[in-house]
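Here the structure comes first, spelled out in structure tokens, and everything after it is commentary.
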Amino acid sequence: MSTATKNCLECEAPIVGRSDKKFCDDSCRNVFNNRESRDARNLLRNVNRVLAKNRKILSQLNPNGKGFTNRSVLNAKGFDFQYHTDIYRTKKGAEYVFCYEQGYLFKDNEQVALVVKLDYLL
Numbered sequence: 323m324s325t326a327t328k329n330c331l332e333c334e335a336p337i338v339g340r341s342d343k344k345f346c347d348d349s350c351r352n353v354f355n356n357r358e359s360r361d362a363r364n365l366l367r368n369v370n371r372v373l374a375k376n377r378k379i380l381s382q383l384n385p386n387g388k389g390f391t392n393r394s395v396l397n398a399k400g401f402d403f404q405y406h407t408d409i410y411r412t413k414k415g416a417e418y419v420f421c422y423e424q425g426y427l428f429k430d431n432e433q434v435a436l437v438v439k440l441d442y443l444l
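Positions 323 to 444 (the numbering used here) are the ones given, in order, by the sequence shown.
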């Protein structure tokens with residue numbers, strides 16, 4: 323039987339109790355795990371912020387559910403084309419890109435058609 327003592331992964335205090343225990347108490351366990359998952363939470367928070375901003379821009383430019391704008395207008399408002407939630411490809415090969423229910427389709431290099439995906443609203 324080993325008499326070596328284990329130390330808490332957070333505060334390094336000696337651990338008393340079960341042999342597989344890693345932390346001296348719940349507080350140390352919570353602090354350790356929160357610090358470990360902080361980067362993942364920050365990444366999700368930042369991506370969700372960009373998606374929400376993109377959705378807001380599209381909905382402001384498309385109050386009637388169908389319309390047109392220019393790529394330069396989206397760029398000027400800070401739209402980030404790298405972030406979206408869905409891509410819908412038609413049988414003819416057109417690609418509608420969506421941020422939640424708000425979507426767009428490039429008509430040419432500058433003109434952009436705006437649409438709303440109604441099945442999200444049902």
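Beta carbons are placed, not taken as given, at the ideal position from N, Cα and C, and that holds for glycine. Keep in mind it's a predicted model, so treat the numbers as computed, not measured.
Residue i versus residue j: straight-line alpha-carbon distance, rounded
i    : j    : result
N384 : L396 : 12 angstroms
V437 : Y426 : 6 angstroms
E432 : V369 : 26 angstroms
Y410 : R360 : 33 angstroms
V372 : D348 : 35 angstroms
Sub-7 angstroms separation of residue i and residue j beta-carbons
i    : j    : result
C350 : I337 : no
K344 : L331 : yes
Q454 : L380 : Summary: the structure shown does not reach residue 454, with the chain confined to residues 323 through 444, and so no result is reported for it.
Closest by C-alpha distance to residue i, when choosing among the options
i    : options          : result
T407 : G387, K439, V434 : K439
R377 : R393, Y405, K388 : Y405
Opening and closing residue of the beta strand (DSSP E) in which residue i lies
i    : result
D430 : Where D430 is concerned, there is no enclosing beta strand (DSSP E), given that its DSSP letter is neither H nor E.
Proximity test, residue i beta-carbon vs the ligand MG heavy atom, cut-off 6 angstroms
i    : result
G339 : The ligand content of the structure shown is nil, which means the ligand MG is not present either.
Beta-carbon proximity list for residue i, same chain, < 7 angstroms, skipping 5 on both sides
i    : result
K375 : G400
A416 : L427
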